[in-house]
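> What follows is a single structure, and I will ask about it in a moment.
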C-alpha cells in the first residue's frame, strides 16, 4: 500500500478478492498539493484515468500534466512520481496488469 502522506490507495478488484489473474483496479486519492509518491514495477503496465482534479506525472526526466478526463498509459520499467497540482483532492482510477494481489 501507499505510505506517503497525502496519498491514499484503495484496491477495488484484486486477484485475492475476485480471482483476476489479468488485472487489478483501484483508486488513488491525492490531497491538494501533495507530492513525492514514487513507485516502480519492472513487469506491470498501468493505465490511469483522472476522475477529478489535475496532477503531474513524472518519469525518466519527462513529465506530463493530466487533468479530469485524461487517460495515460504507464509502461513497466519506469519509476513514476505523482504530484497534485490543484487546490482540491485529485482522484485517479488505475488499472494494473498483471495484478499485485
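In my numbering, the protein residues as written are 106 to 206.
Think of the CB as a built atom: it goes at the ideal place given N, C-alpha and C, for glycine as much as any other residue.
Could you tell me which residues DSSP pairs with residue 150 in its beta bridges?
On the chain shown, residue 150 is found 45 positions in, with the first residue counted as 1. According to DSSP, residue 150 bridges with 202.
> For residue 173, does the three-state DSSP call read helix, strand or coil?
For the purposes of this step, residue 173 is taken as the residue at position 68 of the chain shown. Three-state result, residue 173: coil.
> At the 9 Å Cβ level, is residue 122 part of the contact set with chain B, yes or no?
Absent from the structure is chain B; it holds one protein chain and no more.
> State the CB to CB distance for the pair residue 173 and residue 157, rounded to an integer number of angstroms; the pair is presumed to be in contact (CB under 8 Å).
Translated into the one-based positions of the chain shown, residue 173 becomes position 68. Translated into the one-based positions of the chain shown, residue 157 becomes position 52. Right, their Cβ atoms sit about 6 Å apart.
> Do the stretch 193-206 and the stretch 112-132 meet, that is, are 3 or more Cβ pairs less than 8 Å apart?
A contact exists between the stretch 193-206 and the stretch 112-132.
> For residue 192, collect the residues of the same chain with a Cβ closer than 7 Å to its Cβ; drop the 5 residues on either side in sequence, then sort them by chain order.
Stepping through the chain shown from its first residue, residue 192 is reached at position 87. Excluding sequence neighbours, residue 192 sits near 137.
> Tell me which residue opens and which closes the beta strand (DSSP E) that residue 188 is part of.
As a position in the chain shown, residue 188 is number 83, starting the count at 1. It spans 184-189 - the beta strand (DSSP E) in which residue 188 sits, taken as one unbroken run.
> Do residue 179 and residue 153 come within 9 Å of each other at the CB atom, strictly closer than that value?
Position 48 of the chain shown, counting from 1, holds the residue named residue 153. Position 74 of the chain shown, counting from 1, holds the residue named residue 179. Result yes, Cβ atoms of residue 153 and residue 179 sit closer than 9 Å.
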